[in-house]
Structures are given as structure tokens and as C-alpha cells.
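*Asks:*
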Amino acid sequence: MKVIGLTGGIGSGKSTVSEFLRQKGYCIIDADQIAHTITEKGSPVLRQLADVFGSEILFDDGSLNRKKLAAIAFSDRQRKQQLEDITTRRVLEIIEEKLAIHLKNDSERIVFLDAPLLFETGADALTDVVWLVDAEQELRICRTMERDGVSREDVLRRIANQLPDAKKRIRAGEIIDNGKGKEDLYRRVEGLLEKYDQGKQGK
Numbered sequence: 572m573k574v575i576g577l578t579g580g581i582g583s584g585k586s587t588v589s590e591f592l593r594q595k596g597y598c599i600i601d602a603d604q605i606a607h608t609i610t611e612k613g614s615p616v617l618r619q620l621a622d623v624f625g626s627e628i629l630f631d632d633g634s635l636n637r638k639k640l641a642a643i644a645f646s647d648r649q650r651k652q653q654l655e656d657i658t659t660r661r662v663l664e665i666i667e668e669k670l671a672i673h674l675k676n677d678s679e680r681i682v683f684l685d686a687p688l689l690f691e692t693g694a695d696a697l698t699d700v701v702w703l704v705d706a707e708q709e710l711r712i713c714r715t716m717e718r719d720g721v722s723r724e725d726v727l728r729r730i731a732n733q734l735p736d737a738k739k740r741i742r743a744g745e746i747i748d749n750g751k752g753k754e755d756l757y758r759r760v761e762g763l764l765e766k767y768d769q770g771k772q773g774k
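Counting from 572, one number per residue, gives the positions in the sequence shown under the working numbering.
Following this line, the structure appears as C-alpha cells:
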């Protein structure tokens with residue numbers, strides 16, 4: 572079984588690639604989804620987050636206001652580190668458990684680990700190779716502003732708290748350019764699948 576890390580900076584289109592792979596029938600371990608699960612209403616992790624970041628990160632019903640938490644956590648590196656200290660270790664434990672199950676069952680040729688902070692959290696150590704979805708920064712800024720309804724300054728703050736793009740490119744095994752639209756993006760992903768999935772023709 573091959574474990575391929577899938578990552579990309581904010582607005583890069585990583586989620587678009589992940590969904591495309593899911594539709595193609597590939598197994599996706601989604602680090603963000605795991606993080607959502609462990610921070611559900613009433614969970615120990617959510618209570619800890621509220622203690623550290625304040626009750627303003629909660630909606631009136633006690634569930635997590637993720638946009639509010641992100642705005643606070645990405646305001647500076649210290650706050651971001653606090654968030655990671657609370658959530659990252661547990662997320663990594665669950666990822667390792669899931670990978671162990673897939674390896675034991677030997678049911679997949681490839682398992683993709685979808686993680687926006689793959690390098691930052693050290694999760695790339697769990698992969699055989701990393702695919703980085705990339706695009707010019709200005710395009711990523713515009714995409715994120717439109718998608719999330721946030722200001723340019725908010726997006727720039729988030730970018731500043733991620734590993735610099737140049738360092739990601741150096742550490743990635745493959746770089747997927749997402750600057751020319753979905754059809755071109757899908758074509759590039761198909762090319763990588765041909766390269767990495769030796770059993771693809773038999774699907």
C-alpha cells in the first residue's frame with residue numbers, strides 16, 4: 572500500500588483535487604474531517620479550546636464557531652501553536668490508527684492523506700510521497716476571499732502562518748499546478764494517477 576500525502580496552501584484547490592480523487596474511488600483520510608469530529612459539541616477537545624481561546628469561539632448552542640476560532644488562532648504564531656498543541660496530536664493518532672487498519676486489511680493500493688498542514692504538523696512522515704497543489708498567491712488570495720467572505724488582510728494573515736510556499740515545493744514529491752482551471756487540473760491529476768497507481772488500468 573502506498574500512502575500519498577495531499578496538501579496545499581489556502582486557496583490552492585487541494586480540496587478540489589481531494590474530491591476528484593474520492594469520486595474516482597480512492598480512499599481519502601481527511602485530517603480536517605478528523606479535526607471536526609474531535610471538536611464536536613460537548614467533546615473534551617472543544618472544552619479545552621474554549622478554555623484557551625475563550626467562550627467567543629462557541630455558538631449559542633455550544634458548538635464550535637470555526638471561523639471565529641480560525642480568526643483568533645491565525646492572528647499570530649503563538650495562538651496558532653496553542654491550537655495545534657490541543658488538536659494536532661490527537662488528529663495524528665487517529666490518522667495512524669486508520670493507516671494501520673488499511674495496511675492490515677491490504678484492501679487499497681493507494682491511500683491519500685489529505686492535510687492542509689501536512690508539513691507543519693509532521694504528518695508527511697506518515698507518507699511515501701507528497702503531492703502539493705499549488706497556484707500563484709494572488710489567485711489563491713482571490714479564491715479564498717470569494718469562498719470564505721473574508722478580507723484580503725485576513726487571508727494574508729493565514730498565509731503568513733503557514734509554511735512558506737517555497738519550502739513546501741522543496742519538500743513535495745510532485746507539484747500540481749492549479750492555475751488554469753479545473754479541466755487542466757483534473758488532467759494533471761490523471762497523469763499522476765497513471766504514474767503512481769500501477770493497478771489503475773485494471774480498475
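Backbone N, C-alpha and C fix where the C-beta goes; we use that ideal spot for every residue, glycine too. Note that the structure is predicted; figures quoted are calculated from it, not measured.
#1: From Ala644 to Asn732, what does the alpha carbon distance come to, in whole angstroms?
#2: Keeping to the same chain, check which residues put their C-beta closer than 7 Å to that of Arg648; ignore five residues upstream and five downstream.
#3: What is the DSSP secondary structure of Phe645, reduced to helix, strand or coil?
#4: Would DSSP call Asp631 helix, strand or coil?
#5: Less than 8 Å between the beta carbons of Ser583 and Asp695, yes or no?
#6: What are the boundary residues of the beta strand (DSSP E) that Glu611 is part of?
#7: Note the first and the last residue of the continuous alpha helix (DSSP H) segment covering Val760.
#8: May I ask you to report which of helix, strand or coil DSSP gives Lys774?
#9: What residue ranges within the segment 653-717 form continuous alpha helix (DSSP H) runs of no fewer than 4 residues, ordered along the chain?
#10: Closer than 8 Å is the cut-off here; do at least three beta carbon pairs connect the segment 629-642 with the segment 674-694?
#11: Beta-carbon separation of Gly580 and Arg711 under 8 Å?
#12: If you measure between the beta carbons of Ile747 and Trp702, is that distance less than 8 Å?
#13: Who are the near neighbours of Arg729 in its chain, counting only those whose CB is closer than 8 Å to its CB and skipping five residues on each side?
*Replies:* Let me spell this out:
#1: Roughly 10 Å separates the two Cα atoms.
#2: Once the five neighbours on either side are set aside, the close Cβ partners of Arg648 are Asn732.
#3: For Phe645, the secondary structure class from DSSP, reduced to helix, strand or coil, is coil.
#4: Of the three classes helix, strand and coil, the one that applies to Asp631 here is coil, per DSSP.
#5: The Cβ atoms of Ser583 and Asp695 lie no closer than 8 Å to each other.
#6: Looking at the DSSP string, Glu611 is not in any beta strand (DSSP E), and its letter there is neither H nor E.
#7: In the DSSP assignment, Val760 falls within the alpha helix (DSSP H) that extends over Lys753 to Tyr767.
#8: Caution applies to Lys774, whose pLDDT of 45 falls short of 50 and renders its modelled position unreliable; the value that the coordinates give is listed next. Residue state, collapsed to three classes: coil.
#9: For the segment 653-717, the continuous alpha helix (DSSP H) assignments of 4+ residues that do not extend past its boundaries occur at 689-692, in sequence order.
#10: As far as the Cβ criterion goes, the segment 629-642 does not touch the segment 674-694, which means the pair count is below three.
#11: Taking 8 Å as the Cβ cut-off, Gly580 and Arg711 qualify as a contacting pair.
#12: A contact, by the Cβ cut-off of 8 Å.
#13: Sequence-distant partners of Arg729 (beyond 5 residues in either direction) whose C-beta falls short of 8 Å from its own C-beta, in its chain, are Ile581, Ala641, Phe645 and Thr715.
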